[in-house]
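Chains as they are written, first to last, in my numbering: chain A, 1 to 177; chain F, 1001 to 1177; chain S, 2001 to 2177.
Backbone N, C-alpha and C define an ideal beta-carbon position, used for all residues, glycine too.
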Amino acid sequence: MAKSILITGGARSGKSALAERMTLGLGRPAVYIATAQAFDAEMADRIAHHQQRRGPEWATHAEPLDLVDALARTDGDRPRLVDCLTLWLSNILLAERDWRSEADRLVAALADQAAPVVVVTNEVGSGIVPENRLARDFRDAAGFLNQSVAAASDDVWLCVSGCPLRVKPPLDGTPVP
Amino acid sequence: MAKSILITGGARSGKSALAERMTLGLGRPAVYIATAQAFDAEMADRIAHHQQRRGPEWATHAEPLDLVDALARTDGDRPRLVDCLTLWLSNILLAERDWRSEADRLVAALADQAAPVVVVTNEVGSGIVPENRLARDFRDAAGFLNQSVAAASDDVWLCVSGCPLRVKPPLDGTPVP
Amino acid sequence: MAKSILITGGARSGKSALAERMTLGLGRPAVYIATAQAFDAEMADRIAHHQQRRGPEWATHAEPLDLVDALARTDGDRPRLVDCLTLWLSNILLAERDWRSEADRLVAALADQAAPVVVVTNEVGSGIVPENRLARDFRDAAGFLNQSVAAASDDVWLCVSGCPLRVKPPLDGTPVP
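Structure below.
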């Protein structure tokens, strides 16, 4: 079974740059699976900013919804980078699909890849409780999704101000009770 | 003096599941001290979700306000799990009690237990500064409370996407300046 | 080149207290460079709270905008504490200065100090995506600034409930891919 890595962190914490480095460390060239959709100029700016950082070593696949299919299509001898899980969840909710069954399918698919996958996600649950119900539901779903994918991953990293901190396997090797 | 453990993390980061495992690791059966109050259907759902995970090994005490009394009542030979500190703080503020003196009493009580206590709390201070004053005051109070309880705890863990990361004692054993 | 330390964390996570201890550990007496401006009573309260903790061992310089100048003015044989970077960024944006070039100047200056500098900053990007554009832009800028200063720092610490966790250099010594 191929290696699966999850990288999480707050906004602009250096997750994507770390994920790109880690993916290329697993093999070159690599495949970039983008979940972002450019609905407006702000989003288009963000996408452009990320593309700027990547070079000719990347083949880009845009897939806002059907991540499992995108993983199947790109499973060969090249490492894949999925950026990012939180936008994918947002797309799934906007499309009014059932996020729980989509998440289950994704977790099952991640466990069944021939080539390695690095997944980027976001920490969205460490602020004050949001006032609107939709935002609360989103952060709950994002938290559950992060837990599920982390449980299925070999390595999990938290990015803090651009510094990667390994959270799985545990740093000190101590088995947690 | 009995062991005291604090587990913190964002929303849906796996804190409660970890806390339950750790508490049962300290002794079975165990006591669950719930601070949640079911004001509405959403809250009732959340309480039901947490209860679902726990089995017959748990005796449940609901105590939204008088945590010190609940700890005294349940102090015997069974480990206790308090879930969670942030809701308790919210209840104290809604009841218009003085949170600082309540926090001082709690910290003093935690240092004086015969049976171990595992406490769950929330990270609420890592988002953008809230626009309303009440939310700012709440996250300040929550931060101070977390610091006080952490200072009185033997172990402190941060949950990230379901992965526990030890923050006290320091992972590398280095004394911090 | 003098030692440069960055301390980050959420609101009320114990960053300032840790930074004061670390700064005094680098030499006594020390210099405190405050970026806060007391626009209103709430802010004045926060400033007073921080001043209360510090004693006569500190010489205080208030500098809301020209941090590079403040560092130059205070560069001698005493360690400096800058508290905090996030308020400085906010001041720069309010003054309608170009934060990117100011950040570049600051990072260059930090690499060129004779006396050590401890910098406090805030995690603001781990909550739900803010609804207003200004808040989103601010958290992006804050995240980029934190990454830049962290990259230029010898040590980076994350404060969690008052517990310091080293994120740079990596705790387990593993070179990150």
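Where residue i and residue j are concerned, what is the direct C-alpha to C-alpha distance, given to the nearest angstrom?
i	j	result
A:Arg78	A:Cys84	18 Å
A:Glu66	F:Arg1021	Strictly speaking, residue 66 of chain A in this sequence is Asp, with Glu absent from that position. Approximately 35 Å, taken between the alpha carbons.
F:Tyr1081	F:Asp1069	First, the amino acid is wrong: residue 1081 of chain F is Leu here, not Tyr. Each residue's alpha carbon lies about 14 Å from the other.
A:Leu87	S:Glu2057	49 Å
S:Gly2025	F:Glu1063	43 Å
F:Arg1053	S:Ala2103	48 Å
S:Gln2051	S:Ala2059	11 Å
F:Asp1075	F:Gly1009	26 Å
F:Val1129	S:Val2129	12 Å
A:Ala44	F:Ser1090	40 Å
S:Leu2093	F:Pro1170	37 Å
A:Ala36	A:His61	11 Å
A:Cys159	F:Arg1097	38 Å
A:Ala152	A:Ala34	21 Å
F:Ile1007	A:Ile5	24 Å
F:Val1119	F:Ala1019	8 Å
A:Leu134	F:Glu1042	12 Å
F:Ala1072	F:Gln1113	8 Å
A:Ala150	S:Arg2046	38 Å
S:Arg2100	S:Trp2157	24 Å
S:Ala2038	F:Ala1141	21 Å
A:Lys3	A:Pro116	5 Å
S:Asp2155	F:Thr1023	35 Å
S:Arg2136	A:Arg139	17 Å
S:Asn2132	A:Ala48	21 Å
S:Ala2017	A:Gly55	43 Å
A:Arg105	F:Arg1105	48 Å
From the beta carbon of residue i, is the nearest beta carbon of chain A less than 7 Å away?
i	result
F:Val1160	yes
S:Val2120	no
S:Val2031	no
F:Glu1020	no
F:Leu1094	no
S:Val2107	no
S:Val2167	yes
Who are residue i's beta bridge partners in DSSP?
i	result
A:Pro164	A:Cys159
F:Ile1033	F:His1061, F:Val1082
A:Gly55	Answer is none; A:Gly55 lacks a bridge partner.
S:Gly2009	S:Cys2159
F:Ser1004	F:Val1117
Does any residue of chain F have a CB that is nearer than 7 Å to the CB of residue i?
i	result
A:Val156	yes
A:Leu171	yes
Taking Cβ positions only, does residue i come closer than 7 Å to chain S?
i	result
A:Cys163	yes
A:Val124	yes
Where the stretch 1126-1139 of chain F meets chain A: residues whose CB sits under 8 Å from a CB there: Of all residues in the stretch 1126-1139 of chain F, only Ser1126, Gly1127, Ile1128, Pro1130, Ala1135, Phe1138, Arg1139 come within less than 8 Å of chain A when Cβ atoms are compared, listed by chain position.
Residues within the stretch 141-152 of chain A neighbouring chain S, beta-carbon criterion of under 9 Å: When CB distances to chain S are screened at a threshold of 9 Å, the residues of the stretch 141-152 of chain A falling below it are Ala142, in chain order.
The stretch 13-20 of chain A contacting the stretch 155-164 of chain A, beta-carbon criterion three pairs below 8 Å: Contact between the stretch 13-20 of chain A and the stretch 155-164 of chain A is present, with at least three C-beta pairs closer than 8 Å.
Against chain S: residues of the stretch 1-18 of chain A by CB proximity under 7 Å: Within the stretch 1-18 of chain A, the residues whose Cβ lies closer than 7 Å to some Cβ of chain S are Gly10, Ala11, Arg12, Ser13, Gly14, listed in chain order.
Members of the stretch 1047-1075 of chain F that neighbour chain S once the beta carbon cut-off is set at 8 Å: Within the stretch 1047-1075 of chain F, no residue has a Cβ that lies closer than 8 Å to any Cβ of chain S.
Segment contact, 8 Å Cβ cut-off, at least three pairs: the stretch 2142-2162 of chain S with the stretch 2023-2032 of chain S: Using a C-beta cut-off of 8 Å, the stretch 2142-2162 of chain S makes no contact with the stretch 2023-2032 of chain S, since fewer than three inter-stretch Cβ pairs fall below that distance.
Stretch-stretch touch, CB-based, cutoff 8 Å, three pairs: the stretch 100-109 of chain A with the stretch 1115-1132 of chain F: Short answer: they don't touch.
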